[in-house]
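Numbering (the UniProt record's numbering), first residue to last: 1 to 277. Even glycine gets a Cβ: it sits at the ideal position worked out from N, Cα and C. Reading through the structure tokens given below for one structure.
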Amino acid sequence: MSTSGEHPLKFGIVTDIHYNPETETGNQTEAGLERCIEKWTREGAEFVIQLGDLINREGPEAEADLIAVRDMLARFPGKVHHVAGNHCLAVPPERYKAIMGLDSLYHTFASHGIRFIALDGMDVSAINEPQTEADHHLLEYYRDVVKAPFYCGAIGARQLEWLVSELDLALKNEEPVIILSHLPLLEETTDEKHGLLWNHEEVVAILSRYPNVRAVLSGHYHAAAKAVRGGIEFVVLAAFGGGDGVMDGDCLIVKASGNRLVFRSRQDDILLNLDNT
């Protein structure tokens, strides 16, 4: 994986914060994120990726919780890139976008010659009105026929078209691609309780057509998992915090250098070889 300049790309990443000020771990969130920000800043992270499920409560408290945890992360001196999770959308999608400063729940950005593509896995779901006839049929199929988990969703027709166009452009520009998705895309990287992207097989088939797609980073399933499919590394990151409270190891630093991604946690380094040649 090529990076521009002499220095490798470093970025912070965190997922499934599930902020709830009424719980013991929720009260530890601010201090835990402060430690994360200190670590990310100290180690030279250029930006931070937040992979979804910032909040845990529904109803009138959800918006206040979202604003509170957004402001905690905003103390990081660089850019924070947000991926929406299913719990995030306890706040209506349009309001969520306004609070988080997003034009769209699916978007793309680049750094050091690497293209990052963030997906909206709740595009077609119980919380969204279908945008096209195809999306309407997709929702009916997964909701009424498959009986898929209502807290997961699918990528709709318009987003799939956008994804293909972005992948085409990245291939033309010889950019390696990292996909960001709150919902896992492979069955072997989640469990029945948590579920995964409804139309994951269709999306994985699309990604597999592009030799420059190197990794898919996800959250949602709170235990870490990893698998390889078609030369693509699918990595599900462990949730922030846990039964023993907020742990510094949940605030990962990712280093992209050459054809490698290294995830540095408190305990060890996880090395991914991203050379698809």
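Beta-carbon spacing of VAL236, SER218 below 7 Å:
For the purposes of this step, residue 236 is taken as the residue at position 236 of the sequence shown. For the purposes of this step, residue 218 is taken as the residue at position 218 of the sequence shown. Yes, they are a contact pair.
At 4 residues or longer, what runs of the alpha helix (DSSP H) sit wholly inside the segment 81 to 169?
93 to 100 and 133 to 140
Only counting the same chain, and skipping five residues up and downstream in sequence, which positions put a Cβ closer than 8 Å to that of ALA215?
Position 215 of the sequence shown holds residue 215. Within the same chain, ALA215 has close Cβ partners ILE178, ILE179, ILE232, GLU233, PHE234, VAL235, LEU261, LEU272 and LEU274.
In chain order, what residues of the same chain have a beta carbon less than 6 Å from the beta carbon of ILE127, not counting five sequence neighbours either side?
Position 127 of the sequence shown holds residue 127. LEU89, listed in sequence order.
Based on DSSP bridge pairs, tell me the residues matched to LYS10.
Residue 10 sits at position 10 when you count from the first residue of the sequence shown. According to DSSP, LYS10 bridges with LYS255.
Kindly list the residues whose CB is nearer than 7 Å to the CB of PHE109, restricted to its own chain and excluding five residues on each side of it in sequence; keep chain order.
Against the sequence shown, residue 109 aligns to sequence position 109. So the qualifying residues of the chain are HIS81 and PHE116.
Going by Cα to Cα distance, which pick from GLU38, VAL69, PHE263 and VAL124 is closest to PRO21?
Start at 1 with the first residue of the sequence shown, and residue 21 comes out as number 21. The shortest Cα separation from PRO21 among GLU38, VAL69, PHE263 and VAL124 belongs to VAL69.
ARG214 (DSSP reduced to helix, strand or coil):
Position 214 of the sequence shown, counted from the start, is the residue given in the question as residue 214. It is a strand residue.
Which whole-angstrom value describes the C-beta separation of HIS220 and ASP71, a residue pair presumed to lie in contact below a C-beta threshold of 8 Å?
Residue numbering aside, residue 220 sits at position 220 when the sequence shown is read from its first letter. Residue numbering aside, residue 71 sits at position 71 when the sequence shown is read from its first letter. Between ASP71 and HIS220 the Cβ distance is about 24 Å, and since that is not below 8 Å, they are no contact.
Same chain only: Cβ atoms within 6 Å of ALA227, ignoring 5 sequence neighbours per side:
What you label residue 227 is simply residue 227 of the sequence shown in a count that begins at 1. Excluding positions up to five away in sequence, the list reads LEU186, GLU188, THR189 and PHE234.
Any heavy atom of the ligand SAH closer than 6 Å to the Cβ of THR108?
Absence of the ligand SAH is noted for the structure shown, with no ligands found whatsoever.
Look at the Cβ atom of ALA91, then the Cβ atom of CYS251, and state whether they are nearer than 7 Å.
Residue 91 sits at position 91 when you count from the first residue of the sequence shown. Residue 251 sits at position 251 when you count from the first residue of the sequence shown. Correcting the residue identity first, residue 91 is Val in this sequence and not Ala. The answer is no: Cβ separation not under 7 Å.
Which ranges would you report for the alpha helix (DSSP H) in the segment 175 to 238 if only whole runs of at least 4 residues count?
200 to 208
Assuming ALA84 contacts HIS200 (C-beta within less than 8 Å), just tell me the rounded distance between them.
Translated into positions along the sequence shown, residue 84 becomes position 84. Translated into positions along the sequence shown, residue 200 becomes position 200. Actually they do not touch by this definition, with Cβ atoms about 17 Å apart.
Could you pull out every residue in the same chain whose Cβ sits closer than 7 Å to the Cβ of GLU46, ignoring the five residues on either side in sequence?
For this step, residue 46 is matched to residue 46 along the sequence shown. Answer for GLU46: LEU9, LYS10, PHE11, GLY78 and SER111, listed in chain order.
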